[in-house]
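Just so we're aligned, residue 473 is where the sequence shown starts under the working numbering, counting upward by one.
Backbone N, C-alpha and C fix where the C-beta goes; we use that ideal spot for every residue, glycine too.
Source: prediction; values computed, not measured.
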Amino acid sequence: MALDFFTVPTATFRVLFVLVVLSHGRRRLVHFNVTEHPTAEWTARELLEACGLEESPRYLIRDRDQVYGERFSRQARMLDIREAVIAPRSPWQNAYAERVIGSIRRECLDHVVVIGERHLLGILSKYVDYYNGTRTHLSLAKDAPESRSVQPPSHGRVIDVPCVGGLHHEYLRRAA
473 MALDFFTVPT
483 ATFRVLFVLV
493 VLSHGRRRLV
503 HFNVTEHPTA
513 EWTARELLEA
523 CGLEESPRYL
533 IRDRDQVYGE
543 RFSRQARMLD
553 IREAVIAPRS
563 PWQNAYAERV
573 IGSIRRECLD
583 HVVVIGERHL
593 LGILSKYVDY
603 YNGTRTHLSL
613 AKDAPESRSV
623 QPPSHGRVID
633 VPCVGGLHHE
643 YLRRAA
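Below, the structure written as structure tokens:
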């Protein structure tokens, strides 16, 4: 499992911090949340929420940001997770988390003006549903992190369903 923060500026010139937690196996976004003021306590609570959704990982890759702190490390030890802290100024050592953050920026946030925290939570919630359920990944043989069945042509004509407020589309077959 990997986690990392990234920042999002808002229309009111505030800066929001987004925490993303990614499962390496299927490149699934396990958890995310938004705050204006990240603390070690908040981050530790988010780790608990992320691990409560599935079996705790053996390792957690993270950077050396001070926001993790002793409280976060204590929470990781309580969950029996070993922290793998990357070298200073070496984001490539947490490549999967950096890649998903880049995808979120390029495919979603570069096309939206974020108003505030609730607005960003709504946008990211829709994007995470799209990312996990619809968006294909070459490393998964063009499947989505939450595997889906292939619909044969006999199921009808192809229709498109807008996702993430129309930024992306899911294509399904519907009976005529």
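With a CB to CB cut of under 6 Å and the five nearest residues on each side skipped, what residues in its chain are close to Asn505? Within the same chain, Asn505 has close Cβ partners Leu491, Glu518.
Who are Thr482's beta bridge partners in DSSP? According to DSSP, Thr482 bridges with nothing at all.
Does the distance from the C-beta atom of His583 to that of Leu639 stay below 7 Å? yes
Counting only the same chain and skipping the five closest in sequence on each side, list residues whose C-beta sits under 6 Å from that of Ala512. So the list reads Gly541, Arg543, Phe544, once near-sequence residues are dropped.
Where Ser626 and Glu618 are concerned, what is the direct C-alpha to C-alpha distance, given to the nearest angstrom? 24 Å
Is it a yes or a no for the stretch 597-610 touching the stretch 527-537, going by three-plus beta-carbon pairs under 8 Å? no
Mind listing, in chain order, the continuous alpha helix (DSSP H) runs of no fewer than 4 residues lying wholly within the stretch 566-617? Segments of the alpha helix (DSSP H) lying fully in the stretch 566-617: 567-579, 589-605.
Could you give the DSSP three-state label for Ser495: helix, strand or coil? strand
State the DSSP-derived secondary structure class of Leu519, mapped to helix, strand or coil. In this structure, Leu519 counts as helix in the three-state DSSP scheme.
In the DSSP assignment, find the unbroken beta strand (DSSP E) run with Glu555 in it and report its ends. 554-557
With distances taken between CB atoms, is the gap from Ala522 to Gln547 smaller than 7 Å? no
Please name the residue, chosen from Ser562, His641, Glu589, that lies closest to Phe485 on a Cα-to-Cα basis. Glu589
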